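Accompanying notes for the structure given below.
Protein chains: 2
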Amino acid sequence: MATIKDVAREAGVSVGTVSKVISRDATVKPALRERVLKAIATLGYRPNLAARALRTNTVNVIGLVVPDISNPFFAALAKRIEAEAAKYAHSVMLANSDDDPEAEARQIAALLGQLPKGLIIVGAETKAVKTVKSDVPIVSVDRRYGAYPLIATNHETASALQADHLVALGHRRIGYISGPDTTEVGRLRKQGFYGRIMQLSDPGDPVRLIIREGSFDYTSGELLARAMLELPPDERPTAIAAASDQQAIGALRLARDMGIEVPARLSIAGFDNIDLAKLVVPRLTSVAQRIEEIAVLAVQRILNPGQTGTKPADVLVGADLVARGSSGPAPNAKAPG
Amino acid sequence: MATIKDVAREAGVSVGTVSKVISRDATVKPALRERVLKAIATLGYRPNLAARALRTNTVNVIGLVVPDISNPFFAALAKRIEAEAAKYAHSVMLANSDDDPEAEARQIAALLGQLPKGLIIVGAETKAVKTVKSDVPIVSVDRRYGAYPLIATNHETASALQADHLVALGHRRIGYISGPDTTEVGRLRKQGFYGRIMQLSDPGDPVRLIIREGSFDYTSGELLARAMLELPPDERPTAIAAASDQQAIGALRLARDMGIEVPARLSIAGFDNIDLAKLVVPRLTSVAQRIEEIAVLAVQRILNPGQTGTKPADVLVGADLVARGSSGPAPNAKAPG
DNA sequence: CTGAAAGCGCTTACAG
DNA sequence: CTGAAAGCGCTTACAG
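Residue numbers (our numbering), protein chains in the order written: chain A, 24 to 360; chain B, 24 to 360.
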């Protein structure tokens with residue numbers, strides 16, 4: 024490959040001048056600039072980023088570590104982060120931790136070796152306290168990594184949207200299928216839902232809540248919905264909220280297998296608004312996270328870290344309920360108005 | 024950050040010796056090695072990869088360009104490539120081209136500047152001839168980039184599996200929902216399906232085939248399935264194959280809306296075996312690509328490019344039909360045996 | 001406004 | 001077996 028020296032020779036200038044042209048230094052005279060640009064084009068010159076990095080001690084790269092890129096949420100996040108970084112001429116270096124703290128530590132070390140501008144990390148699920156020797160800004164996204172500041176959806180208020188929606192529709196016997204208590208997201212979503220239900224429950228017209236804990240997957244949704252729907256008719260919930268769309272879709276399918284009409288006899292609301300939510304029958308009411316906003320905030324944090332010394336705060340981002348066909352008025356609810 | 028010099032001073036050796044310890048050069052005496060390793064640990068030393076890259080003219084990185092990381096197929100591919108590269112202590116640098124040839128060119132230039140070991144590119148859809156000045160191996164995956172060798176599923180034989188399956192179940196009136204003729208994958212899948220049907224069609228017991236072209240999405244599947252299922256009963260297909268699972272799921276939903284039982288009255292087979300295929304009712308018969316195999320082959324190509332000068336050949340990978348509940352014997356077919 | 005030169009942190013022949 | 005030193009391709013004060 025051609026080097027800056029080759030370009031300098033071709034253009035009949037010094038390497039310093041070539042460097043200035045590349046960095047858009049305004050002090051180069053137009054005539055010289057033209058000659059240099061022509062030489063660059065002729066030789067197909069591409070700057071050696073390693074040399075530049077060695078000199079400047081950084082490189083236009085943001086490292087991104089996710090537990091599993093084939094999880095649609097993390098894939099969407101990666102895409103948005105990549106797009107946002109590209110606006111500032113930065114590349115994204117992606118690493119998968121497989122939700123394994125050791126793999127995560129290895130990936131982080133490898134990324135830091137590249138002298139990136141910073142790291143965006145979706146933490147692997149663990150109780151271990153993690154820290155890393157590093158001069159560059161690090162921000163956690165979605166799930167906290169170590170003690171680094173977190174940018175994430177406010178899962179509590181987001182889940183509260185589900186509660187608002189179902190109670191507003193007149194439901195007073197509600198089931199909640201939670202995620203594992205071992206995960207922070209599982210706990211937060213459950214607390215948010217539970218807390219709001221408690222707020223809304225009027226002593227004269229109380230809401231009865233059944234909570235069952237499971238994993239975030241489809242099968243859990245099926246199993247826990249079954250446990251709720253096999254209760255005697257007067258204890259059976261008229262609405263089920265779930266901590267994930269997978270669970271909600273499991274519940275949806277179970278309802279269908281049991282011959283329970285959705286939403287006429289049972290309302291269902293999920294969380295995450297995955298693509299599939301629009302494809303199931305009926306379409307699934309769900310809570311959409313603002314992935315774009317999270318991505319933008321994370322990249323800003325890396326590229327404009329603000330004053331050193333000031334410990335940056337967490338940012339919790341709002342979410343939006345998307346009402347679709349799977350939720351409707353409670354069977355015995357009075358018509359609104 | 025500590026440099027190799029700091030480590031050398033701390034251990035009381037020369038930087039050359041430290042370098043040898045790091046590169047596992049066996050000629051360093053155990054006693055010295057220990058001192059060096061201890062110094063490295065004490066200082067939290069991490070080699071500066073930019074300096075190493077400048078010296079060795081390469082870095083343990085494989086660049087990966089995909090049209091859209093939020094497409095589950097590309098996400099799965101990226102994950103497998105990352106895992107495979109990690110086995111050889113290589114990182115993967117991911118870039119999204121958004122299926123835009125210009126963005127793709129920019130991303131490739133940026134990646135090459137990092138001096139990666141090679142590039143794995145899923146080409147953006149375009150007719151333009153693309154080449155790039157580069158010393159490193161480049162391989163296309165799934166969709167060809169420029170004139171570089173391609174590693175991909177053999178879409179023709181893969182689609183032929185759908186034809187085999189449906190004909191073996193006794194279907195003789197079959198619909199095919201194709202992808203866009205403007206995409207290579209769309210054309211290949213259609214040709215593979217059509218060609219196999221022609222082979223299997225016996226003059227005494229001919230197969231009638233209806234082909235409709237659409238885009239790969241859900242809505243196309245719904246629309247084109249409707250066009251086929253609204254035909255008079257004796258022309259209506261008893262089975263529909265689609266070029267994507269999205270289309271197949273659209274067809275599945277339409278059949279349900281029209282009150283046509285699947286698979287009793289209509290068999291449906293998709294292509295890609297997306298996660299959703301296991302979640303719809305009934306579960307969708309589909310063709311699974313061997314993503315792992317493709318990932319392994321692509322990484323091998325980059326890390327062991329073989330003799331220079333020998334133009335490496337394309338590799339077409341087989342696929343597997345996964346039979347599930349959405350396909351069954353044709354309504355009027357004799358029982359097997 | 002332009003050029004000459006130092007130096008970033010490594011690796012690698014080479015000398016001893 | 002170990003160390004001294006050159007040099008990878010840039011950027012950036014500095015001199016002119």
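Glycine residues also receive a C-beta, built at the ideal position from the N, C-alpha and C atoms.
Quick caveat, the model's predicted, so the values are computed rather than measured.
Notebook entry, point to check: Closest by CA to T26 (chain B), which one among B:A73, B:A49 and B:D48?
Noted result: B:A73
Checklist line | Residue range of the beta strand (DSSP E) that includes G141 (chain B) | finding: G141 to I144
Next item on the list: Note the first and the last residue of the continuous beta strand (DSSP E) segment covering Q201 (chain A).
Entry: One point to set straight first is that residue 201 (chain A) is Ser, not Gln, in the sequence displayed. First-last of the beta strand (DSSP E) with S201 (chain A): R196 to S201.
Note to self: Which same chain residues end up closer than 7 angstroms to N80 (chain A) when comparing Cβ atoms and leaving out the 5 residues on each side of it in sequence?
What the structure shows: Contacts found: L138.
Next item on the list: At 9 angstroms on the CB atoms, spell out the chain A contacts of N119 (chain B), in chain order.
Entry: A101, K102, E105, A106, A109 and V115
Next item on the list: Note down, in chain order, every chain A residue with its Cβ under 7 angstroms from the Cβ of L173 (chain B).
Entry: Within chain A, no residue comes near L173 (chain B); the closest Cβ sits about 23 angstroms away, beyond 7 angstroms.
Check: Around the Cβ of E105 (chain B), are there at least 16 other Cβ atoms within 10 angstroms (buried) or fewer (exposed)?
Finding: buried
Item checked: Alpha-carbon to alpha-carbon, R47 (chain A) and K61 (chain A) -> 15 angstroms
Notebook entry, point to check: Considering only C-alpha positions, which residue in the set A:K52, A:L275 and A:Y68 is nearest to E31 (chain A)?
Noted result: In the sequence on display, residue 31 (chain A) carries Ala and not Glu. It is A:Y68.
Next item on the list: Determine the DSSP secondary structure at E253 (chain B), reduced to helix, strand or coil.
Entry: coil
Margin query: Using CA atoms only, rank isn't needed, just tell me which of A:A262, A:G237 and A:V89 is closest to R210 (chain A).
Written below: A:G237
Checklist line | Nonlocal neighbours in the same chain, by C-beta distance under 6 angstroms from R196 (chain A), ignoring five residues either side | finding: Around R196 (chain A): R231, P260 and T261.
Check: Quick one: which chain A residues come within Cβ less than 9 angstroms of I92 (chain B)?
Finding: I92, A98, A99, A101, K102, E105 and L117
Notebook entry, point to check: Roughly how many angstroms lie between the CA atoms of G169 (chain B) and R276 (chain B), to the nearest whole one?
Noted result: 39 angstroms
Notebook entry, point to check: Anyone know if the C-beta pair for I317 (chain B) and V340 (chain B) falls short of 7 angstroms?
Noted result: Contact check for I317 (chain B) against V340 (chain B) passes: the beta carbons are separated by less than 7 angstroms.
Check: Going straight from the alpha carbon of T176 (chain B) to that of G244 (chain A), what length do you get?
Finding: 35 angstroms
Margin query: What would DSSP say about E236 (chain B), mapped onto helix, strand or coil?
Written below: strand
Notebook entry, point to check: A366 (chain A): which of A:L223, A:N119, A:P203 and A:V152 sits nearest, CA to CA?
Noted result: In the structure as shown, chain A starts at 24 and stops at 360, and residue 366 (chain A) therefore has no counterpart that could be examined.
Notebook entry, point to check: For V303 (chain A), which of helix, strand or coil comes out of DSSP?
Noted result: coil
Margin query: If you reduce the DSSP assignment to three classes, tell me which class S114 (chain A) lands in.
Written below: strand
Next item on the list: For A76 (chain B), I'd like the list of residues in its chain whose CB is within less than 6 angstroms of its CB, leaving aside the five on either flank, ordered along the chain.
Entry: V82 and L138
Checklist line | Between the CA atoms of A191 (chain A) and V345 (chain A) - distance to the nearest angstrom | finding: 15 angstroms
Next item on the list: Express the C-alpha separation of V152 (chain B) and I283 (chain B) in angstroms, rounding to a whole number.
Entry: 47 angstroms
Checklist line | Whole alpha helix (DSSP H) elements within the stretch 62–136 of chain A, 4-residue minimum | finding: Secondary structure remark: continuous alpha helix (DSSP H) runs of at least 4 residues inside the stretch 62–136 of chain A, in chain order: 72–79, 95–110 and 124–136.
Next item on the list: Rank A:A248, A:V41 and A:D240 by C-alpha distance to the C-alpha of D268 (chain A) and give the top, closest one.
Entry: A:D240
Checklist line | Neighbour list for N71 (chain A) in chain B, Cβ cutoff strictly below 8 angstroms | finding: L77, G136 and L138
Notebook entry, point to check: Listed from N- to C-terminal order along the chain, which residues in the stretch 299–324 of chain A have their beta-carbon within a distance smaller than 7 angstroms of any beta-carbon of chain B?
Noted result: Against chain B - using a Cβ distance shorter than 7 angstroms - the residues of the stretch 299–324 of chain A are L299, L302 and V304.
Note to self: Is it buried or exposed, D165 (chain A), if we count other Cβ atoms within 10 angstroms and call 16 or more buried?
What the structure shows: buried
Check: Does the stretch 100–117 of chain A come close enough to the stretch 110–130 of chain B to have 3 or more Cβ pairs within less than 8 angstroms?
Finding: yes
Notebook entry, point to check: Does the Cβ of S37 (chain B) have 16 or more other Cβ atoms within 10 Å, making it buried, or fewer, making it exposed?
Noted result: exposed
Check: Under 7 angstroms Cβ-Cβ, which residues of chain A neighbour Y241 (chain B)?
Finding: Correct list: L302.
Check: For the candidate residues B:S93, B:I143 and B:A147, whose alpha-carbon lies nearest to that of G86 (chain B)?
Finding: B:I143
Next item on the list: For P124 (chain A), go through chain B and note every residue whose CB falls closer than 8 angstroms to its CB, in chain order.
Entry: Here the premise fails: no neighbours, minimum Cβ distance about 15 angstroms.
Item checked: Three-way DSSP call (helix, strand, coil) for S182 (chain B) in this model -> helix
Notebook entry, point to check: So which residues of chain A does I272 (chain B) contact, with C-beta pairs closer than 8 angstroms?
Noted result: L302
Check: Is it buried or exposed for T205 (chain A), if we count other Cβ within 10 angstroms and need 16 for buried?
Finding: exposed
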